[in-house]
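Under the numbering used here, think of the first position of the sequence shown as 7, with each following residue one higher.
Backbone N, C-alpha and C fix where the C-beta goes; we use that ideal spot for every residue, glycine too.
In what follows, a single structure is set out as structure tokens and then discussed.
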Amino acid sequence: MGKLDIVQAGHPVLRARAREVTPEELGDKPLLTLVRTMIEAMRRAPGVGLAAPQLGIDKRIIVLEDAEKLMLRLTPEERVARGRVPFPLKVIVNPVLELVPSDDIVFFEGCLSVRGYSALVPRVNEVVVRGTDEKGTPLEWRVSGWPARILQHECDHLDGTLYIDRMLTRTFGHNDEVGPRWFDLPVAVVREKLGA
Ligand code: ZN
């Protein structure tokens, strides 16, 4: 399969509901190759998650991984506030997400398919995801904090939803501005100053 480019907002595949992976595909070589290609694209970006439609592929598959080296710019306080913790690679096929009701948690979020921008996005704090791995082994993961945010973001991709559909629109900005101006301020201050 080789290297596939990450498609950008405007591509219709990002606005469609992706199709279920069939039992016959699980563990089969083309699917394993696709998963490997997704993992490579995510790591190369680098990003903490990727959904198959972002590579132009109409299948319900997500990969996610968060590593210490991707959070070096965050202070210990920021890590705690975001619930950001390293976790090993997860491959989830046909994920079904259950949101645990809570007050919205709001943080900046970006997307490899909306390259260069970010915005504050409300999400629930905790989710349960059920699905299988690429070989069909059932999995269930209950998680809160940043991994739960990534899961909500990636599962949205499978239904044709982007974070820009959920963001506080007035906080949307280019990373060249958001990074130095807003990223390290308390979210409440950002919201007040931007009128969001
Ligand atoms: Zn995304």
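One alpha carbon belongs to R42, the other to K199, and they sit about 43 Å apart.
One thing to note: V97 has its Cβ within 8 Å of the Cβ of D139.
In this structure, DSSP gives H17 a state outside helix and strand, which the three-state scheme calls coil. The criterion of a C-beta distance shorter than 8 Å is not satisfied by D64 and W152.
Shown here, T39 sits in a helix according to DSSP, grouped into three states. Annotation for R25: no alpha helix (DSSP H) segment contains it, and DSSP assigns it neither H nor E. Closest in C-alpha terms to T177, from the list H163, R129 and F113, comes F113.
Secondary structure note for V134: its beta strand (DSSP E) is the uninterrupted segment E132 to T138. Taking every protein chain shown into account, the CB of S124 has 16 or more other CB atoms within 10 angstroms, so this residue is buried. For K96, the uninterrupted beta strand (DSSP E) segment begins and ends at F93 to V106. The residue among A47, T39, A24 and L168 with its C-alpha nearest the C-alpha of I12 is A47. Nearest Cα to V69 within the set R85, T28, L40 and E83: L40.
Chain order is used for the residues whose beta-carbon lies nearer than 6 Å to a heavy atom of the ligand ZN, namely C117, L118, S119, H159 and H163. Burial state of H163 is buried, judged by a 10 Å Cβ sphere holding 16 or more other Cβ atoms.
When P18, A51 and P101 are compared, the shortest CA-CA separation from P59 is found for P18. DSSP places D11 outside both helix and strand once states are collapsed to three, so it counts as coil. In this structure, N100 and R155 do not form a Cβ contact; the two beta carbons are roughly 21 Å apart against a cut-off of 8 Å. Contact between the segment 143-152 and the segment 75-95 is present: 3 or more CB-CB pairs across the two stretches fall below 8 Å.
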